[in-house]
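Numbering (our numbering), first residue to last: 5 to 485.
Quick reminder that beta carbons are idealized off the backbone N, C-alpha and C, glycines included.
Heads up: the structure comes next, in structure tokens.
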Amino acid sequence: MDVLDIARWQFGIITVYHFLFVPLTIGLTAVIAGLETAWVRTGKEDYLRLTKFFGKLFLINFAIGVVTGIVQEFQFGMNWSDYSRFVGDVFGAPLAIEGLLAFFLESTFLGLWIFGWDKLPRGLHAGCMWLVHLGTLASSYFILAANSWMQHPVGYVFNPETGRAELTDFWAVMFNKVQVVTFPHVILAAYMTAGTFLLGVSAYLYMKKKHEADRPMYHRAIRIGAVITLLAGIGVGITGDLQGKVMTEVQPMKMAAAEGLYETSESCAPFSVFTLGTPDGKEEKFSVTIPCLLSFLGTGSFDGTVEGINPLSEQYVEEFGQDPSSKAFTDGDYTPVIPITYWSFRFMMGLGFFAAAGAALILWLTRKGRTPGVRWLGVLGLSLPIATTLASSWGWIFTEMGRQPWVVFGLMTTESGVSPGVSVFEAATSLIVLTALYAVLAVIEVKLLVAYIRKGADPFEEPPLVKVGGSDEDKPLTFAY
5 MDVLDIARWQ FGIITVYHFL FVPLTIGLTA VIAGLETAWV RTGKEDYLRL TKFFGKLFLI
65 NFAIGVVTGI VQEFQFGMNW SDYSRFVGDV FGAPLAIEGL LAFFLESTFL GLWIFGWDKL
125 PRGLHAGCMW LVHLGTLASS YFILAANSWM QHPVGYVFNP ETGRAELTDF WAVMFNKVQV
185 VTFPHVILAA YMTAGTFLLG VSAYLYMKKK HEADRPMYHR AIRIGAVITL LAGIGVGITG
245 DLQGKVMTEV QPMKMAAAEG LYETSESCAP FSVFTLGTPD GKEEKFSVTI PCLLSFLGTG
305 SFDGTVEGIN PLSEQYVEEF GQDPSSKAFT DGDYTPVIPI TYWSFRFMMG LGFFAAAGAA
365 LILWLTRKGR TPGVRWLGVL GLSLPIATTL ASSWGWIFTE MGRQPWVVFG LMTTESGVSP
425 GVSVFEAATS LIVLTALYAV LAVIEVKLLV AYIRKGADPF EEPPLVKVGG SDEDKPLTFA
485 Y
């Protein structure tokens, strides 16, 4: 393996690992804010107990997510310095705003929420978590804007003297057509992940005899989680359809690779649900297809034309024979790894559909206060959170692998973005060390989550009623470092 292969493996491992925490963090902030708001409005004890219980689980996930996310920044300078230099002028503004505005908004109001139970009025305290959620949304938007620019570069000029892309239109980057459909798709997937987490954890506790007295509370939480999952799942399907059409417009090779379509289909292109073929994906042996569905997914019309891999490859060789960054000469192969692109697309969709269908089944089984059988509840409670988490991961793998060999589509290849001064030994050492470190963090995360989940929600303890402006009886402030 050369430095490029090692750097790609390291970035892939760390990014997918980090993204295991991101959707749950985004979604849980909304779930917790909603539960606390329900307690403030209704005064029902169950809502407060669920708020504090899932708040603990959220903080564990948030802490590990922040730690793993910091490494991302160092990777850009260590393994991808040429890429960082090329995109720095464009990425500087959105990523700086993300750090200075969005993350500070999250961390500030999260601190107020953690330490403000006996310091803030109840409505204001619940509002802190809503502001945390707003911060996660803002953070997601700016980061996705940068990623969407990699998929569809806009609002820039290329400076051949410096070899850099220079920002000319900030708002074009912020409202990139890819960004407009990607942001709601990712956020709804996060809500879906949080909904299945709420459902799954509550289902586990519902089945335990030691928590038998709290079964009505967990029954309610199961249904809330199922509703969130189903509604968000419908939204994910709608935004995913819109995203596919934009993708076909700006990255037709990615859509062709997602289907393994080598020759252009002039009309009624079928979508293969399942295909067996040669290892390189070039020859089909057996396939189960749905007629005309690919045309609809890509163009919105069942008679739409979907371009194939071979003619697109010829077009790209003619158009991008020389990498515009003048850092490396490509060999003319502008085709992503077809088996990975093909199957990641189907794993993403299949697991998402499974989670939405499972949530609908849970709602049916628990209607009118009914209790589902232990077998159904156990299987769905365990499988749905795993399904949504994996669906999000496969979605990102498809998004990034389907763009290859480009790191910035049409402007810079992945090969030309790697750091020129890094040796194989240095790259391999960082890969091994970081992978081992992340494995340790995974063990810590799982142990903490399991320990707190098994314990269940704490008994009800009503926070003091704090009025606006506080009172003379306020407890001293506590500082945490």
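Three-way DSSP call (helix, strand, coil) for residue i in this model
i, result
"Asn1", "Since the displayed the chain opens at 5 and closes at 485, residue 1 lies outside it and no answer follows."
"Leu265", "coil"
"Asn180", "coil"
"Leu8", "helix"
"Thr172", "coil"
"Thr370", "coil"
"Phe275", "strand"
"Val341", "coil"
"Ser434", "helix"
"Val20", "helix"
"Trp410", "strand"
"Val426", "coil"
"Ser291", "strand"
"Leu375", "Here residue 375 is Thr; the residue named in the question, Leu, does not match the sequence. If DSSP states are grouped into helix, strand and coil, Thr375 belongs with coil."
"Asp335", "Caution is warranted here: a pLDDT of 49 is assigned to Asp335, below 50, making its placement in the model unreliable, and no coordinate value can be reported."
"Ala360", "helix"
"Val161", "strand"
"Asp327", "Residue confidence for Asp327 is low, a pLDDT of 45 falling below 50, so the modelled location carries little weight; the figure read from the coordinates is stated next. Three-state result, Asp327: coil."
Pair within 8 Å by beta-carbon distance, residue i and residue j
i, j, result
"Val136", "Glu110", "yes"
"Leu298", "Glu263", "yes"
"Arg219", "Tyr208", "no"
"Gln183", "Ala142", "no"
"Leu192", "Ala236", "yes"
"Ala260", "Val310", "yes"
"His189", "Thr252", "no"
"Val7", "Val422", "yes"
"Gln155", "Phe413", "yes"
"Thr19", "Ile36", "no"
"Met257", "Ile294", "no"
"Ser206", "Ile226", "yes"
"Phe402", "Thr439", "no"
"Leu28", "Ala273", "no"
"Thr200", "Leu388", "yes"
"Val411", "Tyr87", "yes"
"Leu355", "Trp13", "no"
"Ala106", "Glu40", "no"
"Leu445", "Thr72", "yes"
Length of the line joining the Cα atoms of residue i and residue j
i, j, result
"Ala2", "Leu365", "The displayed coordinates of the chain run from 5 to 485. Any statement about residue 2 would go beyond what the structure contains."
"Gly425", "Ile17", "22 Å"
"Thr417", "Trp400", "19 Å"
"Leu138", "Pro315", "44 Å"
"Glu466", "Thr393", "34 Å"
"Met5", "Ile232", "45 Å"
"Lys249", "Gly127", "42 Å"
"Phe429", "Glu449", "30 Å"
"Val254", "Phe108", "34 Å"
"Tyr338", "Phe275", "23 Å"
"Phe58", "Tyr456", "10 Å"
"Asn163", "Ser348", "36 Å"
"Ala443", "Glu270", "48 Å"
"Leu384", "Ala360", "11 Å"
"Met405", "Pro340", "7 Å"
"Trp121", "Val277", "51 Å"
Where residue i falls, given that 16 or more other Cβ within 10 Å makes a residue buried
i, result
"Gln76", "exposed"
"Ser396", "buried"
"Glu487", "Past the boundaries of the shown model lies residue 487; the chain is included only from 5 to 485, so the question cannot be answered."
"Thr303", "buried"
"Ser329", "Residue confidence for Ser329 is low, a pLDDT of 42 falling below 50, so the modelled location carries little weight; the figure read from the coordinates is stated next. Burial call: buried."
"Gly115", "exposed"
"Phe23", "buried"
"Trp373", "According to the sequence displayed, residue 373 carries Gly and not Trp. Gly373 is exposed by the Cβ-count criterion."
"Leu386", "exposed"
"Glu216", "exposed"
"Glu318", "exposed"
"Ser427", "exposed"
Minimum C-alpha distance to residue i - residue among the options
i, options, result
"Gly103", "Pro27, Ile147, Ser317, Lys213", "Ile147"
"Asp93", "Val177, Ile10, Tyr222", "Val177"
"Ala11", "Trp84, Ala34, Met196", "Trp84"
"Asp245", "Ser291, Ser305, Gly199", "Ser305"
"His223", "Glu404, Gly354, Asp50", "Asp50"
"Ala100", "Glu322, Thr33, Tyr145", "Tyr145"
"Met82", "Thr433, Tyr442, Lys451", "Thr433"
"Met196", "Leu367, Trp380, Ala363, Pro340", "Ala363"
"Phe25", "Phe62, Phe278, Thr41, Gln14", "Phe62"
"Thr279", "Glu318, Phe351, Gly47", "Phe351"
"Asp462", "Val70, Leu52, Pro125, Gln79", "Leu52"
Beta carbon proximity, residue i to chain C, threshold 8 Å
i, result
"Phe119", "This model lacks chain C altogether, as it is built from one protein chain only."
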